[in-house]
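>
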Amino acid sequence: MDKNSITIQDLSLQEITLERLPRLKKLRDLHFDTKPEICLELPRLMTYYMKNLDPPASPERERWRAGNKEDSPELRSGKLNKYILENKRPVIIDGNLLAGTTTTKQIGVILYPHLLGQSIWPELETVSRRKKNPFGITIEEIDELNFEIFPYWMNRTIQEVARKENGNPPCQKLMERIVFFIATKAYCISHTVPDYAAVVERGLLDIINEAKEKELSLGNSSNDKEKRDFYQAAQLSLNGILSYAANLSRLAASMAQEENNPVRKEELLRMSEVCSKVPAQKPATFREAVNAVWICRIALLQENSSIAMSPGRLDQVLYPLYRRDMEQGMSLSEAVELVGCLWLKICDQAPLAPEVSEELFGGSGCNQAITLGGIDMEGKDAVNDLTYVMLRATELLKVRDPNINARYHPEINKKEYLERLCDVNINTGATPCFHNDISAIEALQGQGVTLEHARDYSSVGCVEITSSGRTFAHTGCILMNLPSALELAFFQGKHRLTEDEQIGPVTKSPEDMDSFEEFREVLATQLAWLIDQAVTLNNNFGKAYQKIHPSPMQSAIMEGCMEKGKDVIQGGALYNSSGAAMIGIAEVVDSMTAIEEFVFKKKLISFSELLEAINKNWENYEKLQAMVKTSTEKFGTDSEMAKKNADWLIAFLHNTFQSKENYRGGKYTVGYWTMTNHAGFGALSGALPSGRVKGEPFPSGITPVSGAAPELTPCLNFVANLDHTNIADGHALNLKYTPSTTTVPKFADTVEAFFKMGGLQVQFNIIDRKTLEDARKYPERYPDLFVRVSGYSAYFKDLSPHMQQEIITRAEYHLDTGREVPY
Amino acid sequence: MNSLLRRYTIPLNAADRIFRLFKAPPRMPFAPYFKRKASQKFLKVIEGEIAETFLEVLLFFMKVKFMLDPSYRRNIENFKGCYQFKSKDGEVSVFVEFDSGKMDIKETLADEVDVTCIFKDGRSLINLLLSRDRDILRGLLNNEIMLTGNLNYMYKFGFMANHLQLELTGNLPI
Amino acid sequence: MISLIKGPSFSQPQPLIFDIKRNALEDGPGIRTTLFFKGCHLHCIWCQNPESIDPAPEIGFYPASCIKSGECVNVCKTGACQVENPWRIDREKCDRCGDCVKVCPGRGLRQIGCFYPVEELISILLRDRVFYEVSGGGITLSGGEPTFHMEYISLILQKLKMQGIHTAIQTNGFFDWSEFKAKVLNWVDVIMFDIKLADPKEHLKYTGRKNCLILENLGRLFKERPKDIIPRIPLIPGITATTQNLKAISELFQGLKITRCSLLAYNPIGLSKAENIGKPIPPELSRHMMTPAEEKKCREIFSWAELVGF
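What follows is the structure, encoded as structure tokens:
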């Protein structure tokens with residue numbers, strides 16, 4: 012039998028339904044009925060350990076270590092990891108087949124005290140009662156956070172350590188004005204795909220042994236101390252995972268003893284057996300493999316934030332054992348059930364969001380991206396039976412996490428696979444999204460990733476492409492508000508929001524500009540300055556991690572670190588890029604083009620008049636606004652001028668970022684995806700020459716401005732023709748279709764044509780405006796309506812009003828006629 | 195606002211009176227009345243009728259509460275932190291120092307503080323600090339607040355201010 | 003007097019196109035681009051594209067895009083543009099000079115009908131080539147009536163065929179057979195041929211022409227290219243969608259040994275388009291979509307045929 016041959020007859024697995032999988036149905040209902048609760052376990056353990064047991068604080072240890080050098084940050088983190096995992100409470104909370112929970116709650120909000128956990132402090136007593144996304148918390152827990160936990164961390168968070176180390180630098184103050192950029196490391200660094208293949212193919216004991224051998228092979232010289240510390244830290248961390256698994260096994264066994272229901276008893280016994288074997292040993296069955304991945308995931312989330320910690324290509328990693336079990340008599344519905352159990356486990360936690368970020372940027376899940384299909388490292392079709400099993404589980408559950416990303420190679424993958432993807436997209440309304448293997452692989456090769464490794468890419472977080480299990484990229488470390496650079500260029504380094512303050516360099520006044528090129532140069536100056544600020548801050552944050560929070564556990568499950576004897580935070584992984592996401596590209600291109608067309612080419616208006624118009628938010632300039640808005644020179648149309656400006660901007664951003672080095676010795680890549688930031692940044696930004704009025708959401712991702720690109724094919728052509736090797740951090744093209752059931756083939760053809768022309772990624776919401784309007788009015792009627800935002804999926808009811816508005820007004824095309832639906 | 199400092203030097207008997215507003219022993223027949231009065235005053239401020247005096251009132255209430263309520267005082271028992279509040283127009287500059295259970299308010303500009311908060315007016319401070327019908331967006335849009343320094347100190351201050359408000363309006367979580 | 007159109011003066015009637023619809027999914031197989039020509043020999047009262055009948059350029063008014071700038075009133079020499087007029091243009095007075103279109107800031111007034119030099123048109127059509135190739139789609143000529151401009155479409159079709167593009171035409175069948183055969187037939191892959199009314203008198207009443215030539219052409223075409231023809235019947239409630247008419251057409255088709263055809267459901271959207279160009283809406287026309295039951299009834303008459311839909 013061929014390695015990946017498809018044996019499933021009905022690719023859509025229609026026979027397998029939730030009605031036939033009562034466990035999944037029950038767990039799904041439970042998921043939607045549960046209000047997330049803030050979980051104190053992790054901050055409690057971290058705080059206790061750091062206060063009382065972290066070596067420098069303990070006089071006993073001090074004596075014992077007399078004469079020795081201080082523990083390296085890696086070793087301290089390794090010890091902390093071990094302590095946390097040994098003391099983490101094993102929990103078997105519902106009827107899920109997988110043991111263990113990320114937090115101690117059914118759906119827990121993890122609070123990382125070193126990563127902006129404090130931002131919830133002012134709201135502790137109101138967060139359980141707020142209207143949007145309330146989180147449960149008890150009075151005792153509030154007291155514990157307020158009196159015990161938060162005070163300890165006041166000077167010990169990444170944000171504040173970085174501030175102190177660098178003397179509250181201007182770049183950090185700049186970020187705190189919110190409207191220019193956000194460097195996300197203060198909140199998370201986890202945008203990565205761990206090497207789960209190693210967990211499944213080797214087991215953790217084997218990795219521990221490797222670390223031990225490497226440690227012993229080092230001499231005693233102080234030169235090797237750093238490496239030795241790292242190997243020790245890796246072993247400590249992994250041993251922590253083994254303790255946690257053993258605790259789970261014991262718990263399951265004791266629960267089994269007390270269980271009267273023979274079916275449940277059997278389940279618990281089996282759970283106990285599985286956890287006694289994996290992840291220590293190499294899993295021997297599909298179920299063991301799924302458990303091994305799950306337990307490691309729980310552990311990794313104790314070390315680093317859960318945001319965008321992506322499982323990667325699970326249909327590849329788990330396939331050999333899936334096939335083995337199918338040959339041994341596992342049924343397809345058992346397989347779907349187990350995959351469904353994993354999916355529901357992955358959404359057992361939610362990100363912490365204080366009111367302000369909820370309002371501006373809210374509604375996000377944790378963006379746990381799973382990548383399916385595509386080609387394998389040899390370049391062969393990698394779509395297998397398990398791919399379809401996972402698609403069916405996704406279609407049945409319709410939960411926002413995991414975020415399913417489908418890879419499609421238009422020359423190697425089969426069309427029936429693409430059609431099945433479209434089918435699932437239609438049935439779920441929002442998932443999966445589509446990645447083009449040809450362009451993605453080229454983009455990665457452009458970053459020095461080898462062909463084999465590039466072929467083994469998976470999506471991180473939203474849409475960012477990285478080689479799986481060997482890249483530590485923090486693909487979302489900078490979120491940049493591009494239109495703010497436009498503002499600085501208009502007002503000689505000032506921004507309308509921050510008023511008279513001189514923010515950027517003083518550049519030439521637009522009144523004195525004689526050509527469009529001159530303006531472009533000024534824009535380039537401001538952009539370069541802004542990029543420099545953002546990169547500096549990200550590097551400061553990175554160095555703060557190196558100092559206080561390395562990730563030895565993550566490093567042990569990542570290709571490269573063992574060979575180099577280095578933590579991922581020091582550049583241990585094989586690939587070490589950083590990714591910056593640009594927000595508002597279409598708005599900037601349309602503004603540039605409007606300036607070029609109306610000010611310099613047609614000379615219908617002077618630059619200062621145009622600025623006057625946007626300062627007045629187009630009041631009394633309605634004619635000009637209508638003219639600008641109805642111009643056909645727009646991002647996403649056939650316009651040559653817009654294309655030229657988009658190419659220039661994308662190339663400029665790519666080159667400028669590429670010229671910067673991150674704190675791990677890697678390069679910066681640029682992406683165009685926005686999560687919900689386009690709505691937040693848009694709300695904070697004024698009118699622009701594109702015809703935009705104040706406060707409107709920016710278009711999401713790399714999507715044209717709503718209404719500016721009325722036809723679908725020119726829009727797809729436009730985006731497909733952008734140079735994707737300059738977009739190595741991925742892009743999200745968000746489109747909306749009116750639902751229809753009869754048109755899968757033409758839908759698939761559209762995606763295929765986009766890919767053949769070079770398009771990198773595209774994603775669709777398939778839902779009509781009426782439903783969305785109704786859901787906005789009556790959120791309680793649509794508890795599980797989920798939509799694609801810009802890269803990931805979110806429940807519509809959780810989104811901020813701006814974001815809901817953006818989704819509702821997003822360009823919508825009829826799936827059966829291809830026409831744009833007028834708004 | 196210039197008389198700010200003077201207002202914080204509260205005569206002892208006044209402090210005693212205020213005490214009753216906050217933690218009136220249940221036996222006192224007028225206790226609910228006094229408590230209602232205090233919260234009315236506070237509400238009047240935060241509801242905007244006299245928003246300019248918000249900072250004044252807030253710090254005043256806070257200080258009194260620290261003096262008189264041990265459970266509230268626990269918030270600053272082992273805490274050391276310096277805050278600078280400045281109005282944009284430069285009219286107001288208040289320095290607040292917490293040190294081992296004491297709260298000290300001075301009408302001055304300090305050299306070294308943990309966090310500085312520059313605000314447009316009383317309303318914008320209310321918006322920043324109290325999670326009650328907040329309009330965060332408006333605050334940002336109007337460039338109402340600028341924070342610089344260690345934000346965790348501001349978060350802590352935010353908690354204490356919110357707690358006070360919730361207590362006075364009878365909205366503490368149960 | 004016509005300064006709007008590109009190219010030479012309007013006195014030699016030029017083929018005008020009033021819409022290039024890309025990503026067309028209903029006008030033939032696959033993903034297509036459909037060209038809508040201006041000018042038609044018939045004027046069916048239900049015409050879905052009322053702006054397509056007159057071969058000369060027209061001025062359309064789109065109230066949703068109007069920002070009431072008043073610019074049109076200022077430049078109008080005949081006094082046809084009136085702000086207080088809900089249809090903006092008094093069509094009696096309008097001489098279609100097009101000045102108002104040029105000054106309208108928000109595209110509330112638009113020129114309907116534009117001439118494209120052949121090369122320019124081809125380059126536009128080829129932009130979506132990959133979509134055609136992937137989906138088995140191509141170009142559809144529609145209208146109006148494309149054969150109204152036989153020379154021009156002949157050129158276009160030949161150029162497209164040289165590029166290997168799939169071509170289709172939607173025609174009312176009212177053309178000179180020998181000219182059609184010589185200039186068009188060899189370069190089209192699919193012919194969608196409209197049959198409206200079986201009775202010549204009715205046909206005259208509702209379309210302005212008798213149907214003899216149309217039916218003759220259908221017969222000839224079917225003899226020549228039986229596999230490539232899809233006869234289409236627009237279902238107009240009370241006019242073509244009557245049992246009597248449909249039965250008569252059905253018999254006619256069976257007589258010709260036609261095995262497949264298409265029924266086009268009624269869509270009142272054409273009514274609002276008529277308003278845009280200031281045409282009155284005939285009172286006979288229904289303002290509602292057909293009910294599924296009504297549609298089903300029509301389809302049943304053709305139960306013997308393969309009903310094609312895209």
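Chains as they are written, first to last, in the working numbering: chain A, 12 to 834; chain B, 195 to 368; chain C, 3 to 312. Ideal Cβ placement from N, Cα and C applies to all residues, glycine included.
Residue ranges of each alpha helix (DSSP H) run of no fewer than 4 residues wholly in the stretch 643 to 698 of chain A, ordered along the chain?
Correct list: 651 to 669 and 688 to 695.
> Listing by chain order, which chain C residues have their CB less than 9 angstroms from the CB of A/Asp-760?
On the first sequence, position 749 is the one that residue 760 of chain A refers to. Chain C residues near A/Asp-760: Gly-32, Ile-33, Phe-133, Val-136, Ser-137, Gly-138 and Gly-139.
> Measure the alpha-carbon distance for A/Ala-592 versus B/Phe-289 and round it to whole angstroms.
Numbered from its first residue, the first sequence carries residue 592 of chain A at position 581. Numbered from its first residue, the second sequence carries residue 289 of chain B at position 95. Near 40 angstroms, if we compare the C-alpha coordinates of B/Phe-289 and A/Ala-592.
> Compare the beta carbon distance of A/Ser-254 and A/Glu-97 with 7 angstroms and say whether it is the shorter of the two.
The count along the first sequence starts at 1 and reaches residue 254 of chain A at position 243. The count along the first sequence starts at 1 and reaches residue 97 of chain A at position 86. Yes, the Cβ-Cβ distance between A/Ser-254 and A/Glu-97 is below 7 angstroms.
> Between C/Gly-72, C/Glu-86 and C/Arg-34, which lies nearest to C/Leu-127 when the distance is taken from Cα to Cα?
Translated into the one-based positions of the third sequence, residue 127 of chain C becomes position 125. That would be C/Arg-34, whose Cα lies nearest to the Cα of C/Leu-127.
> How about B/Pro-223: is its C-beta nearer than 7 angstroms to some C-beta of chain A?
Locating residue 223 of chain B in the second sequence gives position 29, where the first residue counts as 1. At B/Pro-223, the pLDDT of 49 sits below 50, so the modelled position is not reliable and the matter cannot be decided from this model.
> Look up B/Lys-300 in the DSSP assignment and give the residues it is bridged to.
As a working note, residue 300 of chain B is residue 106 in the second sequence. B/Phe-289, per the DSSP bridge assignment.
> By alpha-carbon positions, which one of A/Leu-810, A/Pro-84 and A/Tyr-789 ends up nearest to A/Arg-799?
By one-based count along the first sequence, residue 799 of chain A stands at place 788. Per the Cα distances, A/Leu-810.
> Apart from the five residues on each side of it in sequence, which residues of its chain come closer than 6 angstroms, Cβ to Cβ, to A/Ile-19?
Residue 19 of chain A sits at position 8 when you count from the first residue of the first sequence. Only Asp-396 and Tyr-399 meet the Cβ criterion.
> Suppose you measure from the CA of A/Glu-784 to the CA of A/Ile-819; what does that come to, to the nearest Å?
Residue numbering aside, residue 784 of chain A sits at position 773 when the first sequence is read from its first letter. Residue numbering aside, residue 819 of chain A sits at position 808 when the first sequence is read from its first letter. If I take the Cα positions, the gap works out to 7 angstroms.
> Within 10 angstroms of the Cβ of C/Ile-19, are there 16 or more other Cβ atoms? Answer buried if so, exposed if not.
Taking the third sequence and counting its residues from 1, one reaches residue 19 of chain C at position 17. C/Ile-19 is buried by the Cβ-count criterion.
> Hey, out of A/Ile-514, A/Arg-703 and A/Arg-39, whose CA is closest to A/Val-600's CA?
Position 589 of the first sequence holds residue 600 of chain A. Closest option to A/Val-600, Cα to Cα, is A/Arg-703.
> State the Cα-Cα distance for the pair A/Thr-482 and A/Thr-680, rounded to the nearest angstrom.
As a working mapping, residue 482 of chain A is identified with position 471 in the first sequence. As a working mapping, residue 680 of chain A is identified with position 669 in the first sequence. Computed Cα separation, rounded: 13 angstroms.
> Is DSSP giving A/Lys-236 helix, strand or coil here?
In the first sequence, the residue the question calls residue 236 of chain A occupies position 225. Three-state DSSP puts A/Lys-236 in a helix.
> Does DSSP put A/Ile-818 in a helix, a strand or coil?
On the first sequence, residue 818 of chain A is found 807 positions in, with the first residue counted as 1. Correct three-state label for A/Ile-818: helix.
> For B/Met-256, which residues in the same chain have their Cβ closer than 8 angstroms to its Cβ, ignoring the five residues on either side in sequence?
In the second sequence, the residue the question calls residue 256 of chain B occupies position 62. Taken in chain order, the residues that qualify are Met-297, Met-354, Ala-355 and Leu-358.
> With respect to 6 angstroms, is the separation between the Cβ of C/Ser-305 and the closest non-hydrogen atom of the ligand MG below this value?
This structure lacks the ligand MG, and indeed carries no ligand of any kind.
> Do the stretch 46 to 63 of chain A and the stretch 113 to 128 of chain A touch if we need at least three Cβ pairs shorter than 8 angstroms?
Contact between the stretch 46 to 63 of chain A and the stretch 113 to 128 of chain A is present, because at least three Cβ pairs lie under 8 angstroms.
> Taking only beta carbons into account, state which residues of the stretch 717 to 737 of chain A come closer than 7 angstroms to chain C, listed in chain order.
If the cut-off is 7 angstroms between Cβ atoms, the stretch 717 to 737 of chain A has Glu-722, Leu-723, Thr-724, Pro-725 and Asn-728 near chain C.
> Closer than 7 angstroms, Cβ to any Cβ of chain C: which residues of the stretch 762 to 782 of chain A, in chain order?
Correct list: Glu-763, Ala-764, Lys-767 and Met-768.
> Starting from the beta carbon of B/Tyr-349, find every residue of chain A whose beta carbon is closer than 7 angstroms, and list them in chain order.
Taking the first residue of the second sequence as 1, we reach residue 349 of chain B at position 155. Within chain A, the residues near B/Tyr-349 are Gln-129, Ser-130, Trp-132 and Pro-133.
> Kindly indicate which residue of C/Ile-260, C/His-290 and C/Ile-271 has the alpha-carbon position closest to the one of C/Trp-332.
The shown model of chain C, from 3 to 312, leaves out residue 332 of chain C, and the question about it has no answer.
> If you drop the 5 nearest sequence neighbours on each side, which residues of the same chain put their C-beta closer than 6 angstroms to that of A/Glu-370?
Residue mapping note: residue 370 of chain A aligns to position 359 of the first sequence, counting from 1. So the qualifying residues of the chain are Ser-811.
> Output the distance between the C-alpha atoms of A/Glu-633 and A/Ile-594, rounded to the nearest integer angstrom.
One-based indexing of the first sequence puts residue 633 of chain A at position 622. One-based indexing of the first sequence puts residue 594 of chain A at position 583. Cα to Cα, the separation comes out at about 27 angstroms.
> For A/Ile-423, which residues in the same chain have their Cβ closer than 8 angstroms to its Cβ, ignoring the five residues on either side in sequence?
By one-based count along the first sequence, residue 423 of chain A stands at place 412. If we look at A/Ile-423 and ignore the five residues flanking it on each side, its Cβ neighbours are Ile-386, Gly-390, Lys-391, Asp-392 and Asp-448.
> Cβ of B/Asn-356 less than 7 angstroms from any chain A Cβ?
By 1-based counting over the second sequence, the position of residue 356 of chain B is 162. Taking Cβ atoms only, chain A reaches closer than 7 angstroms to B/Asn-356, which makes this a yes.
> So, helix, strand or coil for A/Ile-193, using DSSP?
Taking the first sequence and counting its residues from 1, one reaches residue 193 of chain A at position 182. Residue state, collapsed to three classes: strand.
> Can at least three beta-carbon pairs, one atom from the stretch 764 to 784 of chain A and one from the stretch 738 to 753 of chain A, be found at a separation below 8 angstroms?
Contact between the stretch 764 to 784 of chain A and the stretch 738 to 753 of chain A is present, because at least three Cβ pairs lie under 8 angstroms.
> Once you ignore the five residues that flank B/Met-348 on each side, which residues in its own chain have a CB closer than 7 angstroms to its CB?
In the second sequence, counting from the first residue as 1, residue 348 of chain B sits at position 154. Excluding sequence neighbours, B/Met-348 sits near Val-309, Cys-311 and Leu-341.
> Which residues of the stretch 480 to 503 of chain A have a Cβ closer than 8 angstroms to any Cβ of chain B? Give them in chain order.
Under the 8 angstroms Cβ criterion, the stretch 480 to 503 of chain A contributes no residue.
> Roughly how far, in whole angstroms, is the beta-carbon of A/Leu-383 from the beta-carbon of A/Ile-415, given that I think they are within contact range, below 8 angstroms?
Translated into positions along the first sequence, residue 383 of chain A becomes position 372. Translated into positions along the first sequence, residue 415 of chain A becomes position 404. With a Cβ gap of about 7 angstroms, A/Leu-383 and A/Ile-415 count as contacting.
> Taking C-beta pairs closer than 9 angstroms, name the residues in chain A that B/Leu-303 reaches, listed in chain order.
Sequence index remark: in the second sequence, residue 303 of chain B carries index 109 (1-based). Those do not exist, as B/Leu-303 stays about 17 angstroms from chain A at its closest Cβ, beyond 9 angstroms.
> According to the neighbour-count rule (16 or more other Cβ atoms, all chains shown, within 10 Å of its Cβ), is B/Pro-264 buried or exposed?
For the purposes of this step, residue 264 of chain B is taken as residue 70 along the second sequence, with counting starting at 1. Answer is exposed; the Cβ neighbour count stays below 16.
> Report yes or no: is there a C-beta of chain C within less than 7 angstroms of the C-beta of A/Glu-633?
Counting from one through the first sequence, the residue named residue 633 of chain A turns up at place 622. At least one chain C Cβ lies under 7 angstroms of A/Glu-633.
> Pairing CB atoms from the stretch 341 to 355 of chain A with CB atoms from the stretch 483 to 497 of chain A, are three or more of them under 8 angstroms?
These segments do not touch.
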